[in-house]
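Residue numbers (our numbering), protein chains in the order written: chain A, 990 to 1437; chain B, 990 to 1437; chain C, 990 to 1437.
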């Protein structure tokens, strides 16, 4: 199993901008970004989101959009903005527990302000734990129903004595804005490739600081390249963020030809691909081709209308070709939405592999074209063009003969290079290399 | 595995006629009908058929049709009517064997009258036994070639001494009529659902008194319901009966949108479904969906041009969407066409399960509609409509959230509820319930 | 497993020319032809090819075409003609090795003339061996790059002492002709069935003297028959031969409706079928049907653009329905392209089986027609036509009842007999026999 990362065709081919990134460095840099963002308390709105976008903006020139609370976005309304400074519980014995300042998961995300004394019985109705993982703090939210609450370890819950508790949440839920970041990198074509990550989770690393880190580094890398497609990067709160963007950019969304929701790319699980609603879109075929050739044990997941923002991009009124490429997938790892989704769960090595896989997919999209064999009647004589070996010696061109023959045989205008790769069993980059050699020999021309 | 019988959507939904039958009672009633009909000697014509139809008419208001012998029906001619009063063989020792009055299978069905003395050698050319089941009497017919004969146990055959035998068959094969029963229950739509059972077999319980009993009770049950489709029930002799009905109702047959041949529904074997010739008709999808979700170990059988009356309904000139839903299938149980297909082989419990499965299928047909999501751009906010849980609590609506999301995502005019059920893996009734909730929330409208 | 060889329908049906060949004799005759041709040194051009065609012409009336060197054929040019009289190497100790007259594989095919003394080091650059089979001589060619060389056993190579060697190749590479043989047998239809074999290999039996022998005997056999299709037999050098024929017969090629490349049909391996590029052409379906019903363990190979002359016939500008039916397939047996592909590897028994399989396939092509059921509404009454048994007795017609029912049910103009055979699971010849019986009973007519 090897990744094609270091010699992506569209980066190293003659006439194209060169130099693939040093993957080790990229893996470390992604991890560093996660470390920087980890302490911030994010939500679907508020200053935590702004701080996050500010840190990203140090690396790539995103535009930050502020959408006022109350804005109607399709069936939804942009909610009030939530901010929080402190929160804790004081036990009957005077102990301070569930301190927001020690871990921001301790507070039910979007809690309204509260400061009062309650008996244990009432308090328990506002406490959330994970009995199956008694030492972990769960992550819970209440965006669209006003509530307050605390999350803590089940071990701590079990130890709480009867008596009166002081609960304190110093939060504000007031009209404000929904903030999101956006970066557009123009390419030769107006057709866009979308990378969308959610930025609403507080101290949770795999879901989804890893997605933020990968998207940021992908944008940074692609910004320096000559590109066929245009690329759009969205850093948005989950659900309400994608709904907001789609509502404000309904026409623009039609230009999205391919897309991926970037999430859970930092853990050590095998790769997973959740297909777009279409199921056989080019992005689906491209990702699955790369995974088949480079990632043993990957999982292919049919679209279902749950999970991350692909739910919105794939709603029937848009039906965009947007899938989701991750390591462990939505809800399928024990640390999901708990304090165990921390800086130990994600690792530079895994981030690096994910980054490389995303680049491989982009390489397919950038180079997948449909050619017409200019000598369709019988095979052309490859030998006289230096493209065919004699007496068993390898051809000097470095191109696989079988790849040449497949490209010639199937370049009838009905097969793009990716479908030739799929039918032949050859990896895309070998098919692409063969096509390039044949194009240079005037044996191929791109289809009208 | 559970059957949906007791809460079929189309029976219990608001505004629809309520009250599913008490299945225990239905099972017992079906069995009682079988017991009543068991002694009668039926054939493709004759008074046994009339007596059978008369008993059915005590329960449901069927019309009895009498088609004269000699009537041309496509390539066939309605045969002479056969009636029989008595038949037996007297052995050289004076013993009376193969007595028709003890078991009507003893006589070759459609035997011409005979009364003469024959030596054992000649007699044997008219005797039929089952050496592989030496104690069972086989069931044999000779409708279209004049002949006489007796069926008996192989044990008895082996014990017959040489000598002269008296054979006596008091039958009449004369111009008369072919009799069949028909019931039409009109629904909102002119499109019909056909249930067809054959009534030509004498004392044989699974094949096909069970089919008669199930069809009768289905008709009785549906007659009291408000129905989307119209329903037609045919009680006909096999082959010549369906050919006759199709020949006399060629235009009417075009209104049959879905249909099932009802047979072998009383034994304890796993369910079997033989698909229509079309193979992917709605009836095929509906039955297989129900079996997948409620009947472990069921068998899916591709159409073949043999078996029961689906042969005629699926002839290329009609090609109706008619399959056959049974327990053990045609010829696939040892008791098939023998005296062992008796009142012990069929049981109220099995009849009840079959009845419930037929109701489940009807439920799918009645409720399978195609809707259009009225909020197709992004998901609607289900929470504000009380259709979505918060903080992990189950939604108060009793509707599965995944079912809601699937219906919304696929209600693009190209998927009926059944196909949404199939793609989602949810049972049809959950999808139907979700669709109803969404319809009431104005989020769905039926497709034009 | 039995082959249908001895009663191919199109040979033995009433009104058709009778008498299948004696397979034992055919197997022996094929083997004898291989023995006659084995010693000849063939190449893509030259007198060896002419001698081969002359021997074939003793058996069937082929036309021999001579295409001048230098003729442009699509992207290629007919090469100079190669002839050789002698070749050998004399070792420092005076031993004569790699003698062409002992085995014509010893010389690199298409070697230019050479006569000089060289040291062992230089000589080794012109020697080819097979270290993995140290006693076998490999077969090597250099058609399109001028070179000289010798092939020998690796054992001998390892024993060569240092010193000066005399190399001698008495060959001529001069303008001349490319020779090929062709036979056309007209049938009722202008649509042609192509059988193409390559005749360029020297002393190699399975690849492809076996193909020459089978093609010759097939032509001899079919020439005496009344045929529906026209048949074309090509005896051509590999690659350049098919390219030449296609270039000179571009319009004629459009009449080829079905075709097979005949090669490697004499060894004892299981049958293999490499599909045409189309993949579901009638020839693909016919061959696979026959193999499924008669040849256990056969292999079904998807088209790939390498192998034998199907590469040219299936180039995108022609895309002919030409597959390749063999025993062991291209490159997949250890003796491939070595001196071990000799008279021991091929056997009359295997040749006979291959011949029979080819005849079975031709039988399907000749008799595969589409009929229309003239009594499409319900089943016709087969009994009154003597086509249906009564009381379990086999029908006198010798026709399977299920085959009759399948043909009637599917003869709606959309299914040819082969597809009816495939869907029913019945062998084609039973379906064909049933169709013939129904046609004679006026129940079928051929589709428009």
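Beta carbons: idealized from backbone N, C-alpha and C, even for Gly. Predicted model only: the values in this text are computed from it and were never measured.
About 19 Å separates the CB atoms of residue 1206 of chain B and residue 1031 of chain B; that is not less than 8 Å, and the two are not in contact.
Between residue 1341 of chain B and chain A, the shortest Cβ-Cβ separation is not below 7 Å. In the DSSP secondary-structure assignment, residue 1248 of chain B is bridged to B:1183 and B:1311.
Going by C-alpha positions, residue 1042 of chain C is about 25 Å away from residue 1318 of chain C. Across the set A:1059, A:1349 and A:1046, the C-alpha of A:1046 shows the shortest separation from the C-alpha of residue 1170 of chain A. The C-beta distance from residue 1409 of chain B to residue 1393 of chain B rounds to 11 Å, too long to meet the 8 Å contact threshold. Given a length threshold of 3 residues, each whole run of the beta strand (DSSP E) inside the region 1289-1336 of chain B is given here in chain order: 1311-1315.
The residue from B:1287, B:1193 and B:1022 with its alpha-carbon nearest to that of residue 1334 of chain B is B:1193.
With a cut-off of 8 Å on Cβ pairs, the region 1085-1103 of chain C is in contact with the region 1128-1146 of chain C, counting three or more such pairs. Here residue 1221 of chain C is buried: its Cβ has 16 or more other Cβ atoms, across all protein chains shown, within 10 Å. When C-beta distances to chain A are compared with 9 Å, every residue of the region 1026-1039 of chain B stays at or above that value. The Cβ-Cβ distance between residue 1025 of chain B and residue 1369 of chain C does not fall below 7 Å.
For residue 1060 of chain B, no beta strand (DSSP E) encloses it, and the DSSP letter there is neither H nor E. Here the alpha carbon of residue 1083 of chain B sits roughly 26 Å from the alpha carbon of residue 1122 of chain B. About 29 Å separates the Cβ atoms of residue 1227 of chain C and residue 1278 of chain C, ruling out a contact at the 8 Å cut-off.
Remark: C-beta atoms of residue 1292 of chain C and residue 1203 of chain C do not approach each other more closely than 7 Å. Ranked by Cα distance from residue 1245 of chain A, the options A:1271, A:1258, A:1263 and A:1256 are led by A:1271. Nearest neighbour of residue 1214 of chain C by Cα position, chosen from C:1414, C:1355 and C:1364, turns out to be C:1355. Between residue 1257 of chain B and residue 1347 of chain B, the C-beta gap is not smaller than 7 Å, which leaves the two residues out of contact. For the options B:1029, B:1316 and B:1297, the alpha carbon positioned closest to that of residue 1091 of chain B is the one of B:1029.
Beyond the five residues adjoining it in sequence on each side, residue 1058 of chain A comes within less than 7 Å, by CB distance, of 1067, 1068, 1069, 1070, 1164, 1165 and 1166 in the same chain, given in chain order.
As the crow flies, the alpha-carbon of residue 1307 of chain C is around 6 Å from that of residue 1366 of chain A.
Excluding residues up to 5 positions away in sequence, 1356, 1357, 1358, 1359, 1360, 1396, 1417, 1420, 1421 and 1424 lie with their Cβ nearer than 8 Å to the Cβ of residue 1406 of chain B in the same chain. In terms of Cβ geometry, residue 1051 of chain C and residue 1102 of chain C do not form a close pair [threshold 7 Å]. The continuous stretches of beta strand (DSSP E) do not include residue 1151 of chain C, and DSSP gives it neither H nor E. When the alpha-carbon of residue 1411 of chain A is set against those of A:1154, A:1224 and A:1353, the nearest one is in A:1353. For residue 1232 of chain A, the enclosing alpha helix (DSSP H) begins and ends at 1229-1237. Non-local C-beta neighbours of residue 1315 of chain A in its own chain, meaning closer than 7 Å and more than five positions away in sequence, comprise 1252, 1253, 1254 and 1261, ordered along the chain. Distance between residue 1115 of chain A and residue 1086 of chain A, taken at the CA atoms: about 14 Å. Around the beta carbon of residue 1146 of chain B, a 10 Å sphere encloses 16 or more other beta carbons of the protein chains shown; the residue is thus reported as buried. For residue 1272 of chain B, no beta strand (DSSP E) encloses it; the enclosing alpha helix (DSSP H) starts and ends at 1271-1283. Its Cα nearest to that of residue 1120 of chain B, the residue B:1323 stands out among B:1414, B:1323, B:1428 and B:1231. In terms of beta-carbon proximity, residue 1331 of chain A stays away from the interface with chain C, with every pair separated by 7 Å or more. The residue among A:1034, A:1328, A:1336 and A:1311 with its C-alpha nearest the C-alpha of residue 1160 of chain A is A:1034.
The shortest CA-to-CA distance from residue 1053 of chain B to any of B:1286, B:1060, B:1062 and B:1038 is the one to B:1038. In this structure, DSSP gives residue 1256 of chain C a state outside helix and strand, which the three-state scheme calls coil.
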